[in-house]
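**Student:** Take the sequence shown: its letter number 115 is residue 565 in the working numbering, and every next letter is one higher. Just so it is clear, CB atoms sit at the ideal spot from N, CA and C, and this is done for glycine as well. As the structure is a prediction and not an experimental result, all values here were calculated from the model. Below are the structure tokens for one structure; questions will follow.
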Amino acid sequence: QLQLVESGGGLVQPGESLRLSCAASGSISRISAMGWHRQAPGKQRELVATFTNGGSTNYADSVKGRFTISRDNAKNTVYLQMNSLKPGDTAVYYCTAQDAMSGEYDYWGQGSQVTVSS
Numbered sequence: 451q452l453q454l455v456e457s458g459g460g461l462v463q464p465g466e467s468l469r470l471s472c473a474a475s476g477s478i479s480r481i482s483a484m485g486w487h488r489q490a491p492g493k494q495r496e497l498v499a500t501f502t503n504g505g506s507t508n509y510a511d512s513v514k515g516r517f518t519i520s521r522d523n524a525k526n527t528v529y530l531q532m533n534s535l536k537p538g539d540t541a542v543y544y545c546t547a548q549d550a551m552s553g554e555y556d557y558w559g560q561g562s563q564v565t566v567s568s
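This is the structure we're talking about:
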């Protein structure tokens, strides 16, 4: 079993920053990548950023240049630094982990609400 526990969501004004954290525990060896998905009301779930075990990162076009994903392997923790936040970034953000066998993001955190509003 793999558990993902998130922290760091909240309410900010446009242009401000937030950092999300996600600590993984349990069957860490099952992970080939970690990432963040988000889902806004009435919209499809979106893959925001990923960080593979090999150190590669990938971002959705909508967040490139504003969001940065990082990973501390010693702490089994992944972070999402979100700068220049916009109202369109408002969503529930989920920490996710890719299973090395299936290649799918099979593991999900509990979700953190991020609200960007003036």
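If contacts are defined as beta-carbon pairs under 8 Å, then Q403 and R488 qualify, I think. What distance do you get, rounded to the angstrom?
**Tutor:** With the chain covering only 451 through 568, there is no way to say anything about residue 403.
**Student:** If you compare alpha carbons, which of S467, N526 and G492 is closest to G485?
**Tutor:** The residue given as residue 485 occupies position 35 in the sequence shown. The shortest C-alpha separation from G485 is found at N526.
**Student:** Look up D539 in the DSSP assignment and say whether it is helix, strand or coil.
**Tutor:** Walking along the sequence shown from the start, residue 539 turns up at place 89. Residue state, collapsed to three classes: helix.
**Student:** Alpha carbon to alpha carbon, how far is L454 from S568?
**Tutor:** The count along the sequence shown starts at 1 and reaches residue 454 at position 4. The count along the sequence shown starts at 1 and reaches residue 568 at position 118. Their Cα atoms are separated by approximately 31 Å.
**Student:** Taking all protein chains shown into account, do 16 or more other C-beta atoms lie within 10 angstroms of the C-beta of L461, making it buried, or fewer, making it exposed?
**Tutor:** Taking the first residue of the sequence shown as 1, we reach residue 461 at position 11. The residue in question, L461, is exposed, as its Cβ has fewer than 16 Cβ neighbours within 10 Å.
**Student:** What do you get for A474, buried or exposed, if any count of 16 or more other CB atoms within 10 angstroms of its CB means buried?
**Tutor:** For the purposes of this step, residue 474 is taken as the residue at position 24 of the sequence shown. Burial call: buried.
**Student:** Between which two residues does the beta strand (DSSP E) holding N508 run?
**Tutor:** Residue mapping note: residue 508 aligns to position 58 of the sequence shown, counting from 1. Going by DSSP, N508 is part of the beta strand (DSSP E) stretching over T507 to Y509.
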